[in-house]
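Accompanying notes for the structure given below.
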Amino acid sequence: MIGTKTEMNSSETQTGELKRHLAGQLEKNRVSDRGMPFLMYHEIDMPGRPLCRDFSGHTAYAVPQAELRTHLQHLKDRGVRGISVGEALSGDYDSASSIAITFDDGANSDLLAAAPAFEEHGFNATFYVVVGWLGREGYLSHNQVRELHARGFEIGCHTMSHRFIPRLRDSELEYEMVHSKKVLEQILGARVDHFSCPGGFWSRRAANLAKESGYLSVTTSQPGFNKIGVTDPYCLSRMVVRRGMDVSDFDLLFQGKGLLARRAKEAFLSVPKYILGPDAYVKLYGVFIP
Ligand SMILES: [Zn+2]
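Quick note: the sequence shown uses the numbering used here, first residue 3, plus one each step.
Below, the structure is given as structure tokens:
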């Protein structure tokens, strides 16, 4: 009898443990099921440093240095670590405790403001640079992009001259995606594996060319999360971080709340872009699409 009771207790304990284990797994899957958020920053607005461009289409994306630091500290307080795109795609990082962080355009604030803040928090990131803009006023110099790379950050390519890719001729697309990769690799003395699309204008043709020319991924500006090993690495979503997002806005972004609304807004905004074509859109509206 005693034996039976002990067996029963032991069996009940096992059932309880199994239930807890399954509940834990379900919770883990629920959290990681949505995939990993990828964030997209641009130039960082530093006190005393003029922005590379001074009109609203650009400044709306220029997050002040203090806000960037608040975002990073907030992630750290939540037990979430910032990682590079390459790290995210390796599959070695849990979606619930990691977030891929990217910077577009290659402003020198990448090195002057972002890098020290990331190092302080023990985070990594990917910096996509416009190769033909390296050395221009306000942008990284060749030495600075090498320094960023030497400090352990990932450097990606954001075309040669920031032209929007969908309507480029094959030879132009080759120049913006393949030639730029080779030039950047020569500057760094290292492989460049990741590409991001200017203005978020993605095309299947560009994705195919990226794959053929040895890139491992392409990031877009389509808001969403990426399921590592499931999402097409040549069409990765990113969520843009804008100036003036406080911690609660940032949390909503990170948690994916309002994602459908953001996707709908993005789709709505993209209609004139696609009807007119990116270059005519920029000309007509006098905007800069980073
Ligand atoms: Zn850009």
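Don't be surprised by glycine CBs; every beta carbon is placed ideally from N, CA and C. Nothing here was measured: the structure is a model prediction, and the numbers come from that model.
Taking the C-beta atoms as reference points, Glu187 is found no nearer than 8 Å to Asn126. When DSSP states are grouped into helix, strand and coil, Thr72 belongs to the helix group. Beta-bridge partners assigned by DSSP to Phe197: Cys159, Val220. By the Cβ criterion, the region 100-112 is not in contact with the region 175-193, since fewer than three pairs of Cβ atoms, one from each stretch, lie closer than 8 Å. Judged by DSSP in its simplified three-state form, Asp47 adopts strand. At least one heavy atom of ligand 1 is found less than 7 Å from the C-beta of Pro200. A Cβ-Cβ separation of about 16 Å leaves Gly202 out of contact with Thr233 under the 8 Å criterion. Taking a contact to require three or more Cβ pairs closer than 8 Å, the region 210-220 and the region 233-245 qualify as touching. With a contact defined as Cβ atoms closer than 8 Å, Leu218 and Leu91 qualify at about 7 Å.
With contacts defined by Cβ atoms closer than 8 Å, Glu45 and Asp107 form a contacting pair. Distances taken from the Cβ of His164 to the heavy atoms of ligand 1 include one shorter than 7 Å. Note on geometry: alpha-carbon atoms of Thr128 and Ile101 lie some 12 Å from one another. By the 16-neighbour rule on beta-carbons within 10 angstroms, Asn228 is buried. If you compare the alpha carbons of Tyr63, Ser58, Asp251, Pro52 with that of Tyr43, the shortest gap goes to Tyr63. When only Cα atoms are considered, His73 and Asp251 end up about 10 Å apart. When only Cα atoms are considered, Gly50 and Asp172 end up about 42 Å apart. Within 10 angstroms of the beta-carbon of Phe57 lie fewer than 16 other beta-carbons, which makes it exposed. In the three-state scheme derived from DSSP, where H, G and I count as helix and E and B as strand, Met247 is classed as coil. Residue pairing by DSSP places Ile101 opposite Gly84 in a beta bridge.
By the neighbour-count criterion, in which 16 or more other beta carbons inside 10 Å mark a residue as buried, Ala152 falls on the exposed side.
The C-alpha of Gly84 is placed about 11 Å away from the C-alpha of Met38.
Our two residues, Ala117 and Arg207, have alpha carbons roughly 33 Å apart in a direct line.
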